[in-house]
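Protein chains: 4
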Amino acid sequence: MCPADQTVATNNDHLVQSEDPEHPANLIPELCRKFYNWGWVTGTGGGTSIRQGDHIFIAPSGVQKELMQPDNIFVLQWPTPKYPASDRNYIRKPLKLNPSACTPLFLTAFEQGAGCCIHTHSQWAVLVTLLVEREKGPDACFEISNIEQIKGIPRGKGKGMLGFFDTLKIPIIENTAFEEDLTSGLEAAMNKYPDTYAVLVRRHGIYVWGDNTAKAKTQCESLDYIFQLAVEMHKLGLPWVK
Amino acid sequence: MCPADQTVATNNDHLVQSEDPEHPANLIPELCRKFYNWGWVTGTGGGTSIRQGDHIFIAPSGVQKELMQPDNIFVLQWPTPKYPASDRNYIRKPLKLNPSACTPLFLTAFEQGAGCCIHTHSQWAVLVTLLVEREKGPDACFEISNIEQIKGIPRGKGKGMLGFFDTLKIPIIENTAFEEDLTSGLEAAMNKYPDTYAVLVRRHGIYVWGDNTAKAKTQCESLDYIFQLAVEMHKLGLPWVK
Amino acid sequence: MCPADQTVATNNDHLVQSEDPEHPANLIPELCRKFYNWGWVTGTGGGTSIRQGDHIFIAPSGVQKELMQPDNIFVLQWPTPKYPASDRNYIRKPLKLNPSACTPLFLTAFEQGAGCCIHTHSQWAVLVTLLVEREKGPDACFEISNIEQIKGIPRGKGKGMLGFFDTLKIPIIENTAFEEDLTSGLEAAMNKYPDTYAVLVRRHGIYVWGDNTAKAKTQCESLDYIFQLAVEMHKLGLPWVK
Amino acid sequence: MCPADQTVATNNDHLVQSEDPEHPANLIPELCRKFYNWGWVTGTGGGTSIRQGDHIFIAPSGVQKELMQPDNIFVLQWPTPKYPASDRNYIRKPLKLNPSACTPLFLTAFEQGAGCCIHTHSQWAVLVTLLVEREKGPDACFEISNIEQIKGIPRGKGKGMLGFFDTLKIPIIENTAFEEDLTSGLEAAMNKYPDTYAVLVRRHGIYVWGDNTAKAKTQCESLDYIFQLAVEMHKLGLPWVK
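Protein chains in written order, with my numbering: chain A, 120 to 361; chain B, 120 to 361; chain C, 120 to 361; chain D, 120 to 361.
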């Protein structure tokens with residue numbers, strides 16, 4: 120056990136201790152190892168959070184993602200509105216670690232009903248935000264159609280999945296100096312695109328959420344596949360929308 | 120054991136339980152883990168099916184491919200013609216899962232004598248279908264010659280392998296809204312190209328089959344190598360056919 | 120144990136059975152697993168052979184490289200000149216497998232004093248052969264200078280390693296319909312470039328050898344790094360020779 | 120145990136024997152395995168060194184990085200100035216191995232207060248040095264701004280991390296025939312850019328250091344991410360500085 124994460128007995132360590140591989144405190148490190156190998160969370164970038172009942176499990180900030188352990192995980196009581204951001208009531212907190220700077224953005228996704236939210240610094244996502252800006256201007260969203268993989272993205276909450284002939288649209292917001300200041304931009308994008316399950320952040324990466332952990336993860340994979348394909352299509356002079 | 124896959128005793132669970140790593144119910148999850156790492160079955164895309172004697176083993180739909188387990192596998196009685204598609208007689212079915220939407224396409228390959236059929240969403244396959252359409256029109260097939268790796272693809276059933284100086288031709292069919300509706304296009308391509316062991320699907324991916332599992336898998340690898348090489352050759356202005 | 124590889128007691132199975140991970144029959148499968156993950160031996164392509172004393176260990180043909188086992192390995196008595204190619208005297212032969220089609224080429228390298236020879240279908244090697252042909256003609260060799268990694272390639276037998284300011288030259292031979300027919304081209308290239316430890320084969324891949332297994336493997340890695348870099352340099356309009 | 124590394128009892132083997140995975144003699148091989156998989160230390164290229172108290176742990180030269188073992192590690196007494204380079208006092212030395220040729224460069228970083236120094240041959244780093252030279256001349260440094268990942272790089276010793284709107288600058292020095300001759304160039308770059316935690320070496324790779332091992336490793340990852348992104352941006356005609 121890493122001394123940095125030793126916690127007092129009153130720190131609710133039991134909340135992150137489980138033999139069940141599907142327990143959020145086990146799933147988050149497992150997902151982060153995969154994301155590290157995909158190049159999504161290089162250099163401690165990115166983050167992941169899972170909501171289970173009235174508990175929100177959050178990866179710490181600044182930890183090497185492939186080395187994360189269950190006892191590095193924060194737990195927050197849900198719903199959070201009663202806890203102002205300034206003194207958020209963590210019911211389980213690893214000593215000497217800070218919660219992910221993405222926490223307010225994760226909470227925004229959970230308020231929309233998400234069960235899991237993933238933030239990556241995928242280079243394909245970053246390149247797509249730059250190409251959209253140059254080709255269609257700063258207010259344009261990413262659009263692509265007639266690609267089978269878009270069937271892996273929901274049409275909206277309870278509306279089933281997109282079809283092959285539909286156009287996938289992912290809003291893009293501008294980056295800010297501090298990650299937490301992205302929250303209002305994220306909320307605005309969610310209001311403008313109420314059916315979206317993802318928001319791109321220019322020159323930064325993407326936030327993807329899903330009704331549960333498996334959906335958030337597979338939707339994040341599908342989007343990353345689509346962004347990589349879109350960059351390669353652009354290099355080859357192939358248009359994104361048929 | 121995942122509760123979602125608990126099945127009643129009468130559900131022939133023994134058909135997917137074996138200590139033999141070469142058993143189809145063990146091979147399919149093992150193959151899917153490899154395919155996941157190659158980026159072929161991102162976001163639950165793609166699928167795999169193996170025929171062994173009069174049993175067809177089929178991967179489920181919507182399952183994370185790298186997490187698939189033997190008890191997620193469906194078993195269908197073969198030959199299937201006596202079972203109309205509307206009430207296909209699965210002799211082993213995991214509860215709460217659906218069989219792969221690719222099932223009718225897998226059956227089409229098995230009717231040609233295949234022992235295994237693999238469907239991937241490989242980006243190289245998708246890019247090749249787009250390049251062929253732009254450069255040679257919607258009716259053209261993919262063609263390449265004078266590349267050593269084409270010797271990994273059969274010349275046709277019982278005809279040995281292609282030679283270095285031969286031209287590999289892979290037909291391309293248009294995608295449809297629903298995966299099962301690809302069946303007639305696949306059959307038409309098989310009729311037009313009776314020697315082919317693969318059919319590309321525009322903006323979607325590829326179906327590859329083989330006389331047995333090892334052949335289907337290695338042929339799928341060889342084709343993917345060839346498509347990746349072809350895309351890089353195109354970027355560098357190098358023609359595909361000498 | 121795979122029944123396909125069961126061999127009679129008189130088949131010298133002890134030659135491929137060792138607890139020592141450095142034994143050639145253990146090293147070849149271990150190397151092939153790595154090469155598979157690098158994309159060098161896709162679809163059963165490529166091969167590897169090690170000489171230890173008067174025994175030559177050879178990977179089989181047509182086996183999935185990442186699944187190779189010690190009992191798949193052939194052993195040939197060395198020196199071989201006394202055994203004409205038509206009835207080469209294998210002192211250990213797995214039943215139902217054939218030795219690598221690269222065997223005559225491996226033997227050519229061993230006649231030059233090599234301790235290990237590796238053959239890959241690396242796409243970077245293939246692309247480099249095509250770029251050299253187009254840019255400098257069919258008789259040109261690959262040349263690059265002023266890249267730190269060329270210090271990983273020997274200047275010639277017993278001559279130390281290349282320096283940063285030296286020019287690395289790798290001859291390129293034309294491919295043939297049958298792998299064994301490459302032998303005379305390989306020998307001619309070795310005569311013309313007596314200091315080379317590698318020969319590129321146009322539209323096919325590369326043969327790399329070394330004084331021992333570690334050297335062959337690390338030289339193969341260094342060359343592949345250099346070819347990948349060279350292709351990317353070409354895409355960016357950066358010349359290979361300063 | 121590899122006979123090549125057997126050492127006499129007086130050779131302080133206890134300095135590299137520990138059950139603690141965080142011990143430098145265990146960490147260096149573990150890091151090198153990761154770096155090998157990222158393609159940073161291909162063909163025995165690159166190196167890693169960690170300072171712990173008054174001991175400096177150094178990877179050997181010419182060893183396959185993914186196979187490195189704790190007993191391959193050299194230990195040097197710190198501070199070293201009292202030991203002239205000609206007879207550096209290694210307090211633990213594996214027999215038959217030589218210390219990394221990068222040693223003088225690692226020491227230069229440790230003199231600046233680093234706790235760990237990493238040297239890679241990353242292709243992205245090499246390509247960036249070539250693009251900067253062509254686009255901005257031989258004296259220019261690499262510059263990029265408005266990319267989230269630059270927040271993973273310190274602004275300077277004790278000055279916190281760079282912000283999103285800051286410009287990351289990494290000096291580039293020319294390569295030399297012998298690795299140890301890079302030392303004066305490295306020192307000059309450190310003097311000119313006293314806040315830098317990394318120096319690129321043209322046509323060679325990069326040296327990255329950090330206050331401790333985790334920081335050196337994550338900063339190296341962040342820089343490599345940035346270089347890869349920069350090369351892709353260049354291919355797509357996207358400027359590095361906004």
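Note that beta-carbon positions come from the ideal geometry of N, C-alpha and C, so glycine has one too. Quick caveat, the model's predicted, so the values are computed rather than measured.
Whether residue i touches residue j by CB criterion (8 Å)
| i | j | result |
| --- | --- | --- |
| residue 141 of chain B | residue 240 of chain C | no |
| residue 321 of chain B | residue 291 of chain B | yes |
| residue 250 of chain A | residue 353 of chain A | yes |
| residue 63 of chain B | residue 328 of chain B | Only positions 120 to 361 of chain B appear in the structure, and residue 63 of chain B is not among them; the question remains open. |
| residue 179 of chain C | residue 145 of chain C | no |
| residue 359 of chain D | residue 272 of chain D | no |
| residue 351 of chain B | residue 355 of chain C | no |
| residue 186 of chain C | residue 253 of chain D | no |
| residue 211 of chain B | residue 194 of chain B | yes |
| residue 275 of chain C | residue 338 of chain B | no |
| residue 348 of chain D | residue 347 of chain A | no |
| residue 293 of chain C | residue 304 of chain C | yes |
| residue 312 of chain D | residue 336 of chain D | no |
| residue 165 of chain C | residue 159 of chain C | yes |
| residue 175 of chain C | residue 147 of chain C | no |
| residue 319 of chain C | residue 227 of chain C | no |
Chain C contact residues for residue i, given Cβ-Cβ distances below 8 Å
| i | result |
| --- | --- |
| residue 324 of chain D | 267 |
C-alpha gap between residue i and residue j, whole angstroms
| i | j | result |
| --- | --- | --- |
| residue 197 of chain B | residue 229 of chain B | 9 Å |
| residue 188 of chain A | residue 177 of chain A | 12 Å |
| residue 169 of chain D | residue 237 of chain D | 9 Å |
| residue 209 of chain C | residue 279 of chain B | 26 Å |
| residue 143 of chain A | residue 132 of chain C | 50 Å |
| residue 221 of chain B | residue 302 of chain B | 9 Å |
| residue 152 of chain D | residue 325 of chain A | 29 Å |
| residue 202 of chain C | residue 155 of chain C | At residue 202 of chain C the pLDDT is 45, less than 50, meaning the model places this residue with poor confidence; the figure from the coordinates comes in the next sentence. Taking the straight line joining both Cα atoms gives about 32 Å. |
| residue 306 of chain A | residue 258 of chain A | 16 Å |
Where residue i sits in the DSSP three-state scheme
| i | result |
| --- | --- |
| residue 182 of chain A | coil |
| residue 303 of chain A | helix |
| residue 192 of chain B | coil |
| residue 288 of chain A | strand |
| residue 219 of chain A | coil |
| residue 147 of chain C | helix |
| residue 281 of chain C | coil |
| residue 233 of chain C | coil |
| residue 312 of chain D | coil |
Outcome for residue i when other beta-carbon atoms lying within 10 angstroms are tallied against a minimum of 16
| i | result |
| --- | --- |
| residue 343 of chain D | buried |
| residue 171 of chain B | buried |
| residue 182 of chain B | buried |
| residue 225 of chain D | buried |
| residue 167 of chain C | buried |
| residue 332 of chain D | buried |
| residue 184 of chain A | buried |
| residue 282 of chain C | exposed |
| residue 298 of chain C | buried |
| residue 334 of chain A | buried |
| residue 255 of chain D | exposed |
| residue 223 of chain B | buried |
| residue 284 of chain C | exposed |
Per-residue contacts from residue i into chain D (C-beta, under 9 Å)
| i | result |
| --- | --- |
| residue 222 of chain A | Within chain D, no residue comes near residue 222 of chain A; the closest Cβ sits about 16 Å away, beyond 9 Å. |
| residue 249 of chain A | 352, 355, 357 |
Under 8 Å by beta carbon: chain D residues contacting residue i
| i | result |
| --- | --- |
| residue 294 of chain A | 265, 267, 283 |
Neighbour list for residue i in chain D, Cβ cutoff strictly below 7 Å
| i | result |
| --- | --- |
| residue 152 of chain A | Going along chain D, no residue has its Cβ under 7 Å from residue 152 of chain A, so there is no contact; the nearest lies around 12 Å. |
Chain-ordered chain B contacts of residue i [CB-CB under 7 Å]
| i | result |
| --- | --- |
| residue 333 of chain A | 183 |
Proximity test, residue i beta-carbon vs the ligand ADP heavy atom, cut-off 7 Å
| i | result |
| --- | --- |
| residue 306 of chain C | What this structure holds is no ligand at all, so the ligand ADP is not there to describe. |
Within chain A, partners of residue i - CB distance below 9 Å
| i | result |
| --- | --- |
| residue 246 of chain B | 348, 351, 352, 355, 357 |
Neighbouring residues, chain B, relative to residue i (Cβ below 8 Å)
| i | result |
| --- | --- |
| residue 240 of chain C | 267, 268, 344 |
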